[in-house]
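Number of protein chains: 2
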Amino acid sequence: MPAPGDGVAVASGSVGAFEFDTDTAVERVGDGRYRAVVTDRWGVVGGAPNGGYLVALAARALAAALERPDPLTITAHFLTPPEPGPAELTVETLRRGGTTSTGALRLVEAGEPRLAVLASFGDLSRDSSVAYDAAPPPDLPPLDACVRADAGPLGDEVTIMQRLDARVHPDTVGWVWGQPGGTPQAGGWLRLADGREPDTAMLPLAVDAWAPTPLELGVLGWVPTIELTVHVRARPAPGWLRCWVRTRLVAGGFVEEDCDVWDARGRLVAMSRQLSRVRGLPG
Amino acid sequence: MPAPGDGVAVASGSVGAFEFDTDTAVERVGDGRYRAVVTDRWGVVGGAPNGGYLVALAARALAAALERPDPLTITAHFLTPPEPGPAELTVETLRRGGTTSTGALRLVEAGEPRLAVLASFGDLSRDSSVAYDAAPPPDLPPLDACVRADAGPLGDEVTIMQRLDARVHPDTVGWVWGQPGGTPQAGGWLRLADGREPDTAMLPLAVDAWAPTPLELGVLGWVPTIELTVHVRARPAPGWLRCWVRTRLVAGGFVEEDCDVWDARGRLVAMSRQLSRVRGLPG
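Protein chains in written order, with our numbering: chain A, 1 to 283; chain B, 1 to 283.
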């Protein structure tokens, strides 16, 4: 016999007919247990779901289980390559504090663990003070001087570019034309294509919506993410996000990518770092 | 009847009579189960064990359980304030891959969960290539122009300063004399006081061995860490480490601190980011 609340769809943030909300909805099926469908609508090269999309999906289940709206810090380790299809998410609540709560999540598809997550959630509407800010937004070219992300030679499986309106800094797209710029960087303007405004739920997607920076070093191989950590620092204002990804070290077959995200007010709203393996470096 | 291997002390890296190794030793008591003693020899203000010390202790158990020597990326969420005393560590192996293995750890003291950890380990001796390096070491004053960390008005409970030889950049210690410099930064030269050379096991300690950067903004309150992530990028050369901590945003009652660590060759060997709560900001 189902317990009260079973089968009720839950999701934090704004929910409507928007693609992001539909595709990250989770259904509660028990205590700390959720069901979801990993759609094929946020696919990257090869058709695998984007890592940031999966983290955003996991964040929905965590927000519901921890009963806190905003992901303050969320870390995901990618265990096996995820695929589109039904997923089971299990949240273990580790701590319920006065300001933050912490939980561990596992995302399983077809019996295979895909994602392990550790996160602390809170409520970023409680305190809007800014005591120190040395993080000005990047000086991006105007929108019409940037490159539309869907303009490149992407395969049909890169469905994420139908969901996003990304305007990429022209200094970061040399790899598209076979002329990598030599500086491992990425970024530009970003919004959701269907007009849904940004919130803290979609910021884990925003940090991972960019081409891997090693492409600008001439890397041709896959750059599989081992781990992605996102800090969300404020609820974003409506409008375009500005994102910038930089890499300082490619060594030992590993690369870090740091992405910062600013909202339309110029406020730094998220910072992420991911560690990936990198192969196929030019000799 | 004990299984083979039970009761055998295990620890990765160099082990000897050195304080760090003794105080991070873990004893295997079962499959993925370890016992350790959190000593009072790495205490910070108030006598609580330093967070980086606890992460280093957790890393010992993870290295043993995952059978990989080096922490590539390790994330800890601090659940309840740890104390000196006996600890139980449990590791769940989530993935054993060809290059990396991933595990989840819980550290429990007196029945209370203190630390939840998610980490991927590998072997950084397998590939020493450097494909891109835009991370030069900071330009620190010479050792004798820095401030010895044990010179300040620290209480007897800050025992970590007896274990470390830290030479602090003079531009970051205004808070000690009641004249905070206004820039949230920290860092300097670091080595273990008993002459033990750095390795990947001690780098999680090195990133967290510095005063909280909000002290330089005049913060007088506690700065409790919510989460700390450390990326270890190379095995350090013998000799002094150079460490630099910077903060870009103090907002909403939270602060991030990014610490980079270079070895004596000038190679970036670790980068960390932690998110903490911050209270007691000057009005």
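Even glycine gets a Cβ: it sits at the ideal position worked out from N, Cα and C.
Taking the alpha carbon of residue i as the reference point, which residue from the options has its own alpha carbon closest?
i: residue 127(A); options: 250(B), 85(B), 177(B), 75(B); result: 250(B)
i: residue 171(B); options: 192(B), 151(B), 140(B); result: 140(B)
i: residue 145(B); options: 167(B), 263(B), 55(B); result: 167(B)
i: residue 84(A); options: 125(A), 93(A), 94(A), 24(A); result: 24(A)
i: residue 107(B); options: 213(B), 271(B), 80(B), 203(B); result: 80(B)
i: residue 175(B); options: 207(B), 221(B), 158(B), 136(B); result: 221(B)
i: residue 235(B); options: 201(B), 49(B), 92(B); result: 201(B)
i: residue 322(B); options: 40(B), 282(B), 211(B); result: Because chain B in this structure spans residues 1 to 283, residue 322(B) falls outside the shown range and cannot be described.
i: residue 179(B); options: 63(B), 215(B), 114(B), 252(B); result: 215(B)
i: residue 78(B); options: 98(B), 92(B), 62(B), 112(B); result: 112(B)
i: residue 223(A); options: 281(A), 190(A), 67(A), 272(A); result: 281(A)
i: residue 164(B); options: 279(B), 207(B), 142(B); result: 207(B)
i: residue 44(A); options: 169(A), 209(A), 261(A); result: 209(A)
i: residue 198(B); options: 35(B), 64(B), 56(B), 27(B); result: 56(B)
i: residue 186(A); options: 231(A), 256(A), 65(A); result: 256(A)
Compute the Euclidean distance between the alpha carbons of residue i and residue j, then round it to the nearest angstrom.
i: residue 102(B); j: residue 59(B); result: 12 Å
i: residue 124(B); j: residue 195(A); result: 45 Å
i: residue 229(B); j: residue 147(A); result: 34 Å
i: residue 291(B); j: residue 258(B); result: Any property of residue 291(B) remains undetermined from this structure, which presents chain B solely from 1 to 283.
i: residue 69(B); j: residue 240(B); result: 22 Å
i: residue 97(B); j: residue 122(B); result: 9 Å
i: residue 17(A); j: residue 47(B); result: 53 Å
i: residue 6(B); j: residue 88(B); result: Its pLDDT being 42, under 50, residue 6(B) is placed unreliably by the model, and nothing is read from it.
i: residue 219(B); j: residue 191(A); result: 37 Å
i: residue 275(B); j: residue 253(B); result: 10 Å
i: residue 157(A); j: residue 114(A); result: 20 Å
i: residue 27(B); j: residue 94(A); result: 25 Å
i: residue 169(B); j: residue 30(B); result: 45 Å
i: residue 260(B); j: residue 142(A); result: 33 Å
i: residue 278(B); j: residue 132(A); result: 12 Å
i: residue 39(A); j: residue 65(B); result: 35 Å
i: residue 173(A); j: residue 22(B); result: 51 Å
i: residue 244(A); j: residue 134(A); result: 15 Å
i: residue 150(B); j: residue 76(B); result: 27 Å
i: residue 233(A); j: residue 67(A); result: 18 Å
With residue i and residue j assumed to form a contact (beta carbons below 8 Å), what rounded beta-carbon distance in angstroms separates them?
i: residue 32(A); j: residue 90(A); result: 6 Å
i: residue 73(A); j: residue 116(A); result: Not a contact, Cβ separation roughly 15 Å.
i: residue 100(A); j: residue 160(B); result: In fact, because the Cβ distance is near 25 Å, the residues do not count as touching under 8 Å.
i: residue 242(A); j: residue 136(A); result: In fact, because the Cβ distance is near 10 Å, the residues do not count as touching under 8 Å.
i: residue 270(A); j: residue 203(A); result: 4 Å
i: residue 273(B); j: residue 267(A); result: Between residue 267(A) and residue 273(B) the Cβ distance is about 19 Å, and since that is not below 8 Å, they are no contact.
Can a CB atom of chain B be found closer than 8 Å to the CB of residue i?
i: residue 280(A); result: no
i: residue 161(A); result: no
i: residue 133(A); result: yes
i: residue 39(A); result: no
i: residue 253(A); result: yes
i: residue 261(A); result: no
i: residue 120(A); result: yes
i: residue 82(A); result: no
i: residue 250(A); result: yes
i: residue 256(A); result: yes
i: residue 137(A); result: no
Under 6 Å Cβ to Cβ from residue i, same chain only, skipping five residues before and after it: list those, please.
i: residue 53(B); result: 42, 205
i: residue 37(B); result: 86
i: residue 19(A); result: 163, 194
i: residue 231(A); result: 73, 271
Indicate whether at least one CB of chain A lies closer than 8 Å to the CB of residue i.
i: residue 315(B); result: Residue 315(B) lies beyond the residue range present for chain B, which begins at 1 and ends at 283; the question has no answer from this structure.
i: residue 180(B); result: no
i: residue 18(B); result: no
i: residue 127(B); result: yes
i: residue 268(B); result: yes
i: residue 202(B); result: no
i: residue 242(B); result: no
i: residue 62(B); result: no
i: residue 94(B); result: yes
i: residue 116(B); result: yes
i: residue 59(B); result: no
i: residue 234(B); result: yes
i: residue 229(B); result: yes
i: residue 102(B); result: yes
i: residue 90(B); result: no
Short of 8 Å in beta carbon distance, which residues of its chain neighbour residue i, apart from the five on each side in sequence? Order them along the chain.
i: residue 265(B); result: 237
i: residue 62(A); result: 71, 74, 91, 103, 105, 117, 119, 121
i: residue 50(B); result: 42, 43, 44, 160, 205, 208, 209
Could you check if residue i belongs to the surroundings of the ligand PLP, using beta carbon to heavy atom distance under 7 Å?
i: residue 50(B); result: This structure simply doesn't include the ligand PLP, nor any ligand for that matter.
Which same chain residues end up closer than 7 Å to residue i when comparing Cβ atoms and leaving out the 5 residues on each side of it in sequence?
i: residue 284(A); result: Here chain A has residues from 1 to 283 only, and residue 284(A) is not among them.
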